[in-house]
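*Asks:* Chains A, B, C, D and E, in that order, are what the protein sequence lines are. The first sequence lines up with residues 139 to 428 when you count with this note's numbering. The second sequence lines up with residues 139 to 428 when you count with this note's numbering. The third sequence lines up with residues 1046 to 1274 when you count with this note's numbering. The fourth sequence lines up with residues 111 to 334 when you count with this note's numbering. The fifth sequence lines up with residues 111 to 334 when you count with this note's numbering.
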Amino acid sequence: MIQIDIQKRLGSEVQDIFLDINIEFAEEEFVVLYGKSGVGKTSILRMIAGLLKPDSGTIEIKNEKWFSSKGKINLKPQSRKVGMVFQDFALFPNMTVLENLKFALPKKSSSEIIEELVSLMEIKPFLNNYPNTLSGGQKQRVALARALVQKPEILLLDEPLSALDHEMRRKLQNYLQEIHRKYKLTTILVSHDVSEIVRLATKVFTLENGKVVKSGKPIEIFSNTKLSGKFQFVGEILEVQKQSFILIYTILVGNEIVKVFSENSEENIQVGDKVIVATKAFHPLIKKIG
Amino acid sequence: MIQIDIQKRLGSEVQDIFLDINIEFAEEEFVVLYGKSGVGKTSILRMIAGLLKPDSGTIEIKNEKWFSSKGKINLKPQSRKVGMVFQDFALFPNMTVLENLKFALPKKSSSEIIEELVSLMEIKPFLNNYPNTLSGGQKQRVALARALVQKPEILLLDEPLSALDHEMRRKLQNYLQEIHRKYKLTTILVSHDVSEIVRLATKVFTLENGKVVKSGKPIEIFSNTKLSGKFQFVGEILEVQKQSFILIYTILVGNEIVKVFSENSEENIQVGDKVIVATKAFHPLIKKIG
Amino acid sequence: NSKPEKKELLVAVAANMQYAMKEIGEEFTKKTKIPVEYIVSSSGKLTAQITAGAPYDIFISANKKFPEALEKENKILGKQKTFAFGKLILWTKEDFKPSLEILSSDKVKKIALANPKTAPYGEAAKQVLQNLNLLGELKSKLVFGESVAQTNQFIDTKSATLGFTAFSTIHIPNKTEKGNWFLIPEKYYNPIEQTVVVLKGKKEKEAEQFYDFLSSDIAKEILKQNGYN
Amino acid sequence: MIDWNPLILTFKLALVTTIILFLIAIPIAYWLSVSKSKIKPIIETIISMPLVLPPTVIGFYLLLVFSPTNSFSIWLKETFDLQFVFSFEGLVLGSIIYSFPFMVHPIQSGFKTIPNSIIEAAYLLKKSKLETLLKVQLPFMKASLLTGIVLTFAHTIGEFGVVLMIGGNIPNQTKVASIMIYDEVEALQYDVANLYSIILFAITFVILLFVYIMNGKYSNKIVG
Amino acid sequence: MIDWNPLILTFKLALVTTIILFLIAIPIAYWLSVSKSKIKPIIETIISMPLVLPPTVIGFYLLLVFSPTNSFSIWLKETFDLQFVFSFEGLVLGSIIYSFPFMVHPIQSGFKTIPNSIIEAAYLLKKSKLETLLKVQLPFMKASLLTGIVLTFAHTIGEFGVVLMIGGNIPNQTKVASIMIYDEVEALQYDVANLYSIILFAITFVILLFVYIMNGKYSNKIVG
Ligand SMILES: Nc1ncnc2c1ncn2[C@@H]1O[C@H](COP(=O)(O)OP(=O)(O)OP(=O)(O)O)[C@@H](O)[C@H]1O
Ligand SMILES: Nc1ncnc2c1ncn2[C@@H]1O[C@H](COP(=O)(O)OP(=O)(O)OP(=O)(O)O)[C@@H](O)[C@H]1O
Ligand SMILES: [Mg+2]
Ligand SMILES: [Mg+2]
C-alpha cells in the first residue's frame, strides 16, 4: 500500500498555493497525476522522492514510513527506493551518455540492463556524446534510461516523453508498461497526454487548486460524454467540402483525421467548430490492423 | 517568399548527421517541421535564427538574403527579424518574469502587449517570481510570451506547448493562430503533436535522415488511411465488454474515447489492438458544442 | 621529522653588511674550518625572528638599538660590540658630480634615502639634512626606501636623481657602473655603528670565535676595503 | 595620535584599482571565455605570471620600465602628463598589474558557467552584445564578479611590495597603511603596528561584511 | 653556477600548499555555498582578511603565535613534533593562511553555479554526498577549481613576505626562490636576479601552460 497524505505551502507572497494531497493506491499500480500547469504535480513527486520537505503529513510506502511530520521521520533521498525522470532531464554535463548510464548502475550490478536500454531507446549512436550536444528528445531518452538503470521500486516520471515524436513515444510507452509489469514497479507518472494516460494508467488522480478532485480509472475520468445513441464522438471540424448535395466534413478526433459524409446540413457548421458526431443506426465493421 | 536551402554536417565522429534541407514557402504561412527526435528540427530553426552557421547554402527571407555561403553573407541574430521559443526556455534567471518580458520589449514600444500576453497566458500570479521558482509549464508560457512581446516577423517555435496541459494548450494554440493572422507573421513550428499540427499548420515538412521527405497540407500528410466507405477511423481498443449479444468496444481515437457497439464479432479483437472502424451505412447527426 | 643538526654557523646580517661579511666569513672558515651561512635581511626582521626563537648564532646589526631589544629578551650572550662604522655618501648614476649644494637645484628631481625610522643610514641622511637646514625645503623631493638596498635601487634605476646611501655600496664586487659619489663629511651625522652580538644557542663557542675574529687585522682590512671605518 | 592619511590613501588606492581592474578585466575575461584561439592558453598563462615574482621584484622591473629618464617615460610625461614612479598613478599601475590575475581568472571562469541559450535568447531579442553583457551575463555571474572584486580589493589593501618600490613611501602621496604598518614592525614599534593593523582590519571587515550581507540577501531572493 | 635548491624548494612548497589548501578549501567552500546561516557573511569576510595585512606583518603575527617559547608551540612540538617557525612546515602554514582566500572564494562561487537538479539526480541515484561531490559537483565546476589552483600555486611561488618572516631564509630549508631573487635585487646583483627570475618564470610558465592546454582540450570536448 502506498499512502500519501501531505500538506505543503508553495509559492511566493503574491502567488499562494496550498497543496493538500491525500492519495492511496496499491503497490504495482501505474498511477498518473493529472492537472493544469502549476497545480503542483512536480512538487508532489519531489516530496515523494525526498527532495522537498512537506510542511506536515506522512508518506508511507509499503508499510515503511518515509516521511512523518509527527514521527519526525524524513528519509534522505538516498534511502528512498525511487528513480526519477526530471522535467528538465538533469543529465550530468561532465559525463558522456554512456558515463551517465554507468554512473547510475549500482555497484556490482550487471551492465546488461544498460545494453538493453541503449538498444531499446535507440541511444547507441550518441553514446559517447556529452549531453550538451544532444537534441531535446535525445536528452529525454537518456534521462529515462538513466532512471531505469537502477530498476527502482518506485518510479517517478515527470512528463518523461513530452519531447518525443509519436512513434518513439508509443514505443517507450509500451516499454514502460512492460518493465512496470516485469519488475513489479510502482510507477507514478505526470502526463498531460490523455492517450498516454489511458494507455498506461491503472489509476488517475486529477488535481485542481492543490487538491485531488477526481480519482479513478482513466476511462472513467476521461470519457466525459454520456452515451446516447449507438455511437458518438467529439471532434473538431478541419475542413468542410460540398459535393452536390453531400457535405464532407474532415474532423479531427485526437490525432486522427476522420471524414464524415452528411446529407443533412441543418446547422451552420464551420471550420474550427467543436462538434459531436452521433448516430443511431450504425453497423460498423471493425478490423484489426498493423 | 521564404527560401531555405542549406547544408550542415552535425554530430560527432560516431554519430554523423548530414542535414540537406531545401524548403520554400510563402510569407504569412504557418509552417510545421515534423520528424523524429534528433532529425535536425531544432538545428534548422537555429540556422534560420543565425545561431548556427550552415556549412553552405542560402537563407532568403522576403527577398533579403540572411545567409549565403557564396555571397559570404551571414546576418547577425540581432539583424534577423525573428523571435524564438527555445526548447529549454532560456529564461533569464536574474530577472523576474515581468523583467524578462520588459527586457524583451523594444525601446519606445508600448507595454500594452505585455499586459495582453500576461492575461492571456495566465502568468499574472507569478509575475514577480524568478524563473527558478516556476513549474515547467509556467516557464514555457513565459518563454512563449517573451518571444511574442517583440511581434517578430518570423516566429520560430520549438515545441512551445509541450509542457502544457490540454486546456492551456488549446487556448494557446488558438492564440498563436490569432496573432499569426493578426500580425501577419510567418511562423515555423516544431511539434510532435499531430492534432496541434493539423489545427495550426498551413504547410508541413516531414524530415527523415536529414532530408525533407514529404511536404504539403497537414491533412494530406496525416490522413494516411484511404477512404473506403462512408466513414472510417483508426483507433485502439481499450476495453471490450459483452452484453448479451452485443459487444461494446471502447476505442481510443487520439485523445478521445469512443464507444462502438457491434453485433458481429467475427474477429478476435482484444484490448491493445489497433483497429480500423468503417461503415457504409452511416447517418450521422453532427452538432456543434461548447 | 627531526632535522639533522646544522654544521654551519648561522650569521644573521643586516643587508648593508653582507658583502664585507661574506669576505670575512671566507677568511674565518679558512682559519677555523667552521663553515658559515648568512641570513641576510633587515635588522628589524632579524630582531623579530630572533625574539621568536630563530636558530641564528650571531647577529650583525646596523645599529645598537636592535641588539638592545634582544638583550631585554634575554637572547644574547655577553655584550654587543661595535666593530665598524658605516659611512654615508651621496650617490648618483647621472652624469654629474653630486654635492650637498646641488640638492636644492632644479636638476635634482627626487632624492632617495632609506626610511629614517627603520634604517640607520636613513637616520643619518635625515641628520645631514637637518644639520644643513634643508629638510623643510627638500621635503617634496624625498622618496624613501625600506632599506639602504631599496634606496640603491631607486638610484640605480635613475628613478631618483641621486640619493643617500652607504659607502659600502660602491665597493660591491662586480658592480661595474659605479656612477658618481660624494663622501659626506662625518660631522653632519652621528656615527653609524655596526655591532655584533653572540646569540644564545647550540653554537655559542663557535660564535664567540667569530665575534672575536671581527676585531682581527684581517677583518679590519676587509672592512676598510668595503668602505667602513 | 592616529595618522589617518595612510588609511585614506589605502582605501582610495584599493577603490581606484578595483574599479579600473574590473573594467579592464571584463573584456579580457570575456574574450578568453569565448575564444577558441590557439594562443589562448598562452595568454591565460601570462595573466598568472605577475604572481610568480616577488612583489618587490616586480616593482623593481616596473622602476626600470618607468624610470623618468628613459624615453618612453619622457614621452608618457609629455603626451599624457603621466608619471608612474613616486606618484599615486604609479601605485595604481603597480597594484593593477599585480592584482590582475585575481580579477581576470574568477571572471573568466564566471563567463564559462553561463548557458549559451540565455545569451542567444538575448541576441534574438535584438540586444547588442554590450547590452547582453551588462544585463544578462554579468548579473548571471555575480558570484564570480564578487570573488574578483573582493580578492582585488583586499589584496590591494594588503599589498606593499610593489607599492613600496614604485611609490617611494612619500607621506600623503604614496605612503599607504600597509607600508606604514610594515615600517612600524621593522622599527620594533609593535604597539603602533598593532593599532594600525586593527584599524585597517576593522574598516575592511565592515566593508566586506556589508558587501557579503547585501550579496546574501540578493542571492536568497533569486533562488527562492 | 645556478643553485637549484631554492627553486626545488619553491615548487615543493607551491605544490604542497596547493594540495593541502585544495583539500581544506573544498569542505569550507561547500559549506559556504549551501549554508543559510546568519553568520555566513561574517565567515566569508574573515576568509578574505589575511589579504588585508602586509605579508610580512602576517608573518610577524604568526611568529608571535608560533614562537617556540610559548606554551602552545611547546605543546605542538611535544605532541606532534611540529614546529612552525623556521621550518618547511612553517612555510607551508604561512602560505596556506595567506593564500586561503585565493582558493576558497573561487571554489565557493563555483559551487553556486551548479544547478540543483543535477545534484538531486545524483542523490536519487543513491550516490552519497561525498560521491556526488567528487563525481558530479567538482567536475562540473572545473573552471573555478582551476582558478583556485592556479592562483594559489602562482601566488605561493611569488610570495615572500610571510615566508621570509616565518621561515627565516635558511638555505636548503626555508630559502625559496622568491626570497633569493629578492635578496639578489636588494644586493644590486641584477644579473643574478634576472637569471633566477627567468628560470622561475620559465618553469612556472611551462607548468601553467601545460595545465591550460589540457584544460582547453577537455573543455572543448564537453561543449562540442
Ligand atoms: N552542439 C552539437 N554538437 C554536435 N551534435 C549536435 C549538437 N547539437 C545537436 N547535435 C546533433 O544533431 C542532431 C540534430 O539535433 P536537433 O537538436 O536539431 O534535433 P531535433 O530534430 O530538434 O530533435 P528533438 O526532437 O529531439 O528536439 C542530433 O542528432 C544531435 O545529436
Ligand atoms: N522553488 C519554488 N519556490 C516557490 N514556488 C515554487 C517553487 N517551485 C514551484 N513553485 C510553485 O509551486 C507551484 C507548483 O509547481 P509544480 O512545479 O509542482 O507544478 P506542476 O504541476 O508540475 O506544473 P507543470 O505542469 O507546469 O510542470 C507553481 O505555482 C510554482 O510556481
Ligand atoms: Mg511540473
Ligand atoms: Mg529539438
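Glycine included, each C-beta is placed from N, C-alpha and C at the ideal position.
Looking at chain D, is there any beta carbon in it that lies within less than 8 angstroms of the beta carbon of V220 of chain B?
*Replies:* Taking Cβ atoms only, chain D reaches closer than 8 angstroms to V220 of chain B, which makes this a yes.
*Asks:* Look at A228 of chain A and S227 of chain E and say whether their C-beta atoms are less than 8 angstroms apart.
*Replies:* Going by C-beta atoms, A228 of chain A is nearer than 8 angstroms to S227 of chain E.
*Asks:* Taking the alpha carbon of P192 of chain A as the reference point, which residue from A:I155, A:F163, A:V177, A:R147 has its own alpha carbon closest?
*Replies:* It is A:R147.
*Asks:* Cutting at 7 angstroms between CB atoms, please list the residues of its own chain near L236 of chain B, excluding the five before and the five after it.
*Replies:* Counting only Cβ-Cβ distances below 7 angstroms, and skipping sequence neighbours, we find L265, N266.
*Asks:* Who are the Cβ neighbours of F1212 of chain C in its own chain at under 6 angstroms, not counting the five residues just before and after it?
*Replies:* If we look at F1212 of chain C and ignore the five residues flanking it on each side, its Cβ neighbours are K1132, I1134, G1272.
*Asks:* Which partner residues does Y140 of chain E have in the DSSP bridge list?
*Replies:* Answer is none; Y140 of chain E lacks a bridge partner.
*Asks:* Does any C-beta atom of chain C lie closer than 8 angstroms to the C-beta of G204 of chain E?
*Replies:* No, G204 of chain E does not count as interfacial toward chain C.
*Asks:* Please identify, using Cβ separations under 8 angstroms, the residues of the region 298 to 314 of chain B that lie next to chain A, in order along the chain.
*Replies:* Flagged, chain order: S300, A301, L302, D303, H304, E305, M306, R307.
*Asks:* What is the DSSP secondary structure of R147 of chain A, counted as helix, strand or coil?
*Replies:* Looking at R147 of chain A - three-state DSSP - the assignment turns out to be strand.
*Asks:* Please confirm whether I130 of chain E and V214 of chain E have their CB atoms less than 8 angstroms apart.
*Replies:* Their beta carbons are not under 8 angstroms apart, which means I130 of chain E does not touch V214 of chain E by this criterion.
*Asks:* Please list, in chain order, all residues of the same chain as L365 of chain B whose beta carbon is under 6 angstroms from its beta carbon, the five residues on each side excluded.
*Replies:* Legend: pLDDT at L365 of chain B = 43, less than 50; position of this residue unreliable, value from coordinates given subsequently. Here the set comprises nothing.
*Asks:* Name, in chain order, the residues that DSSP records as bridge partners for S500 of chain A.
*Replies:* The structure shown does not extend to residue 500 of chain A, since chain A spans only 139 to 428, so no value can be given for it.
*Asks:* Taking the alpha-carbon positions, what's the T242 of chain E to Y233 of chain E distance?
*Replies:* Straight-line Cα distance between these residues: approximately 7 angstroms.
*Asks:* Whose C-alpha, out of D:L318, D:Q283, D:V295, is nearest the C-alpha of P116 of chain D?
*Replies:* P116 of chain D has its Cα closest to that of D:Q283, out of D:L318, D:Q283, D:V295.
*Asks:* In this structure, does DSSP put Y306 of chain E in helix, strand or coil?
*Replies:* Y306 of chain E: helix per DSSP, three-state reduction.
*Asks:* Would you say the beta carbon of G348 of chain A is closer than 7 angstroms to some non-hydrogen atom of ligand 3?
*Replies:* It does not: the Cβ of G348 of chain A is nowhere closer than 7 angstroms to a heavy atom of ligand 3.
*Asks:* Hey, which unbroken runs of the alpha helix (DSSP H) at 4 residues or more fall wholly within the region 222 to 275 of chain E?
*Replies:* Correct list: 226 to 234, 239 to 242, 252 to 268.
*Asks:* Which residues in the same chain as I165 of chain D place their Cβ atom closer than 7 angstroms to its Cβ, once the five residues preceding and following it in sequence are excluded?
*Replies:* It should be pointed out that residue 165 of chain D corresponds to Pro in this sequence rather than to Ile. Excluding residues within five positions, the ones whose Cβ falls inside 7 angstroms are Y208, E269, G271, V272.
*Asks:* Please confirm whether T337 of chain D has its beta-carbon closer than 8 angstroms to some beta-carbon of chain E.
*Replies:* Missing from the structure shown is residue 337 of chain D; chain D here goes from 111 to 334 and no further.
*Asks:* Whole angstroms are fine: how far does the CA of V169 of chain A sit from the CA of I155 of chain A?
*Replies:* Near 23 angstroms, if we compare the C-alpha coordinates of V169 of chain A and I155 of chain A.
*Asks:* From the beta carbon of K208 of chain B, is the nearest beta carbon of chain A less than 8 angstroms away?
*Replies:* Cβ-Cβ to chain A under 8 angstroms: no for K208 of chain B.
*Asks:* Indicate whether at least one CB of chain A lies closer than 8 angstroms to the CB of F250 of chain E.
*Replies:* Closer than 8 angstroms: yes.
*Asks:* Between which residues of its own chain and E346 of chain A is the CB-CB distance below 8 angstroms, once the five residues before and five after are set aside?
*Replies:* Excluding residues within five positions, the ones whose Cβ falls inside 8 angstroms are G173, K174, V177.
*Asks:* Less than 8 angstroms separating the beta-carbons of Y1166 of chain C and F1209 of chain C?
*Replies:* Contact: yes.
*Asks:* Just to confirm my understanding: we take K245 of chain D, look at its own chain, exclude 5 residues before and 5 after, and list those with CB closer than 8 angstroms. What are they?
*Replies:* So the qualifying residues of the chain are A232, K237.
*Asks:* What is the rounded straight-line gap between the Cα of I144 of chain B and the Cα of M259 of chain A?
*Replies:* Computed Cα separation, rounded: 29 angstroms.
*Asks:* Which residues of chain C have a Cβ atom closer than 7 angstroms to the Cβ of P281 of chain E, listed in chain order?
*Replies:* Within chain C, the residues near P281 of chain E are E1082.
*Asks:* Within its chain, find whatever has a CB closer than 7 angstroms to the CB of N270 of chain A; leave out the 5 residues flanking it on each side and keep chain order.
*Replies:* P231, listed in sequence order.
*Asks:* Relative to the alpha-carbon of F360 of chain A, which residue among A:K349, A:K341, A:I199, A:E374 has its alpha-carbon at the smallest distance?
*Replies:* Nearest of A:K349, A:K341, A:I199, A:E374 to F360 of chain A, Cα basis: A:K341.
*Asks:* Where does L265 of chain A fall in DSSP's three states?
*Replies:* It is coil, neither helix nor strand.
*Asks:* Buried or exposed: K1048 of chain C, going by 16 or more other Cβ atoms within 10 Å of its Cβ?
*Replies:* Any answer about K1048 of chain C is weak, because its pLDDT of 46 lies below 50 and its placement is not dependable; what the coordinates show is given next. So K1048 of chain C ends up on the exposed side.
*Asks:* 8 angstroms is my cut-off, CB to CB: does S1204 of chain C come that close to chain D?
*Replies:* Yes, contact with chain D.
*Asks:* Give a single yes or no on whether N201 of chain B has its beta carbon closer than 7 angstroms to a heavy atom of ligand 2.
*Replies:* Answer for N201 of chain B: no, Cβ out of range of ligand 2.
*Asks:* Could you check if Q218 of chain D is buried or exposed, using at least 16 other CB atoms within 10 Å of its CB as the buried criterion?
*Replies:* Classification of Q218 of chain D: buried, given that the 10 Å Cβ count is 16 or more.
*Asks:* Hey, could you find the ends of the alpha helix (DSSP H) V256 of chain A is sitting in?
*Replies:* From DSSP, the alpha helix (DSSP H) with V256 of chain A extends over 250 to 258.
*Asks:* Compare the C-alpha of Y313 of chain A against each of A:V332, A:V328, A:I407, A:L338 and name the closest.
*Replies:* Nearest option by C-alpha distance: A:L338.
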